[in-house]
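Mapping of the sequence shown onto mature numbering (1 follows the signal peptide of the UniProt record, and there is no 0): residues -19 to -1, 1 to 197, in sequence order.
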Amino acid sequence: MRIPNVIGILILIAARASANHFRYATLSYESVGGNSVHLLVWSQFRRSYSSLSVFAGSGADGRAVVGDLIDMVGVDYSSVSGDTGPIRLFTGDGAAYPLKLTVTAYSAEDDYVYGWSRVAHTYGAPNDGGNDWLAYLEGCCRDAAGGGDFKVTARVNLAAETDSLVVKSLPEVTVGDDPAAFAVTILANSPSGAVPAAWRLGQGSEVGTAAALPAG
């Protein structure tokens, strides 16, 4: 039996020296015919991050507001020196796309900018030799708990499911040592309305350097 699409949970490790700005993101997919998909990211960042050249927009304060299209900026892990630049979405088959954020909500008082990014991609096959394609975005730094890396993933298998859960926001929760006894309520659905929801701690390549989980 195939495990239903899983909502990724981000876990933090040591902070980097750069300013922290990433709040949360979710990643989902929807088939648009054949092996072609739309990969959709909903994300929130600290609006006042860095200089006005980052998240700059048409607001009265020079920063992004609703309707602006801005680069999704973070530490680029593909750069050996860890340069700051547009965060990229990796599709799992070798392709990567820099992400831009269409702003749908913001608050100067609560210091956030929020919106969506969409990538159109065609895979060479419905899955990776029978395994899921692992699409993801990653970088640094998280605007919580002293900062840390982040990695957001989605498993794509068009032979099993034509779409995945769409989650537009995530609550901030603390999970104990026994997640089997822990409940989290998240409003989510898939475009077809047919994908069941479940959650678990991320594992292995799903979390990369964004987690240091205890053994067992």
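Glycine residues also receive a C-beta, built at the ideal position from the N, C-alpha and C atoms.
| Query | Result |
| --- | --- |
| Segment limits, beta strand (DSSP E) that includes Asp109 | Per DSSP, Asp109 belongs to no beta strand (DSSP E) and is neither H nor E. |
| Which listed residue (Ala45, Ser17, Arg123 and Val133) has its alpha carbon closest to that of Leu115 | Val133 |
| Segment limits, beta strand (DSSP E) that includes Glu11 | Phe3 to Gly14 |
| Cα-Cα separation, Ala37 to Pro79 | 17 angstroms |
| Ser98 - partner residues in DSSP beta bridges | Val22 |
| Ser34 to Gly66 span [Cα, whole Å] | 12 angstroms |
| Close Cβ partners of Leu8 (< 6 angstroms) along its chain, the five nearest in sequence each way excluded | Val22, Val133 and Ala135 |
| Sub-9 angstroms separation of Leu118 and Arg69 beta-carbons | yes |
| Residues that DSSP places opposite Leu33 in a beta bridge | Answer is none; Leu33 lacks a bridge partner. |
| Alpha carbon of His102 to alpha carbon of Asp42, nearest angstrom | 36 angstroms |
| Cβ shell of Thr85 (< 8 angstroms), same chain only, five flanking positions each side left out | Val47, Tyr95, Gly96 and Trp97 |
| Ala116 (DSSP reduced to helix, strand or coil) | strand |
| 9 angstroms Cβ cutoff, Trp97 in contact with chain B | Looking at the structure shown, chain B is missing, and only one protein chain is on hand. |
| Ala89 to Pro107 span [Cα, whole Å] | 43 angstroms |
| For Asn1 and Phe131, the rounded distance between their alpha carbons | 11 angstroms |
| Exposure label - Leu50; buried when at least 16 CB within 10 Å | exposed |
| Own chain residues within Cβ distance below 8 angstroms of Arg28, not counting five before or after | Phe36, Arg44, Ala45, Tyr87, Ser88, Ala89, Asp92, Tyr93 and Val94 |
| Pairwise C-alpha distance: Met53 and Thr83 | 10 angstroms |
| Per-residue burial, Ser145 [other beta carbons within 10 Å of its own, 16 or more giving buried] | buried |
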